[in-house]
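Take a look at the structure set out below.
What follows is the structure, encoded as structure tokens:
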């Protein structure tokens, strides 16, 4: 019985430490933020208004879970990229930001958690 409990605890610890794939951690977010065409293309994908590149599709697929878990599975680099992207889009493209928020958080249930996430 003790072995079963220890095994379950170890399995839970491994699952809890699971992170999203870090292959794309070297993604240059400034390239997207400084390129209006690229930013619009990525946004259309995220809002289900246009086609997705494989990289953006991966983000899109994980975004609901990341919002719900306060990015618990994100690597430090992914958190940094997410914060930079959110802050810059919110400041420079508030119209776009509102669309994204309305699409991914129509009930506003992640707002408090997201504001905490954006703090330095």
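Numbering (mature numbering (1 follows the signal peptide of the UniProt record, and there is no 0)), first residue to last: -16 to -1, 1 to 104.
C-beta atoms are modelled at their ideal positions from N, C-alpha and C, and glycine is treated no differently.
These numbers were taken from a predicted model, which means no experiment stands behind them.
Residue environment, residue i, which counts as buried when at least 16 other CB atoms sit within 10 Å
{"i": "residue 34", "result": "exposed"}
{"i": "residue 27", "result": "buried"}
{"i": "residue 50", "result": "buried"}
{"i": "residue 92", "result": "exposed"}
{"i": "residue -15", "result": "Only weak support is given to the placement of residue -15: the predicted model assigns it a pLDDT of 37, under 50, and the question is left unresolved by the model."}
Distance, residue j Cα to residue i Cα
{"i": "residue 101", "j": "residue 46", "result": "17 Å"}
{"i": "residue 2", "j": "residue 89", "result": "24 Å"}
{"i": "residue 65", "j": "residue 39", "result": "14 Å"}
{"i": "residue 23", "j": "residue 74", "result": "13 Å"}
{"i": "residue 78", "j": "residue 84", "result": "10 Å"}
{"i": "residue 25", "j": "residue 15", "result": "13 Å"}
{"i": "residue -7", "j": "residue 37", "result": "In this prediction, residue -7 has a pLDDT of 39, which is less than 50 and means its spatial position is unreliable; what the coordinates show is noted afterwards. Straight-line Cα distance between these residues: approximately 37 Å."}
{"i": "residue 82", "j": "residue 4", "result": "26 Å"}
{"i": "residue 57", "j": "residue 48", "result": "12 Å"}
{"i": "residue 95", "j": "residue 61", "result": "22 Å"}
{"i": "residue 20", "j": "residue 87", "result": "20 Å"}
{"i": "residue 76", "j": "residue 11", "result": "21 Å"}
{"i": "residue 99", "j": "residue 29", "result": "24 Å"}
{"i": "residue 67", "j": "residue 42", "result": "18 Å"}
Check whether residue i and residue j have beta carbons under 7 Å apart
{"i": "residue 55", "j": "residue 44", "result": "no"}
{"i": "residue 13", "j": "residue 80", "result": "no"}
{"i": "residue 31", "j": "residue 72", "result": "no"}
{"i": "residue 53", "j": "residue 6", "result": "no"}
Tell me the start and end of each unbroken alpha helix (DSSP H) in the segment 58 to 97 that is at least 4 residues and wholly inside, in chain order.
60 to 76 and 78 to 88
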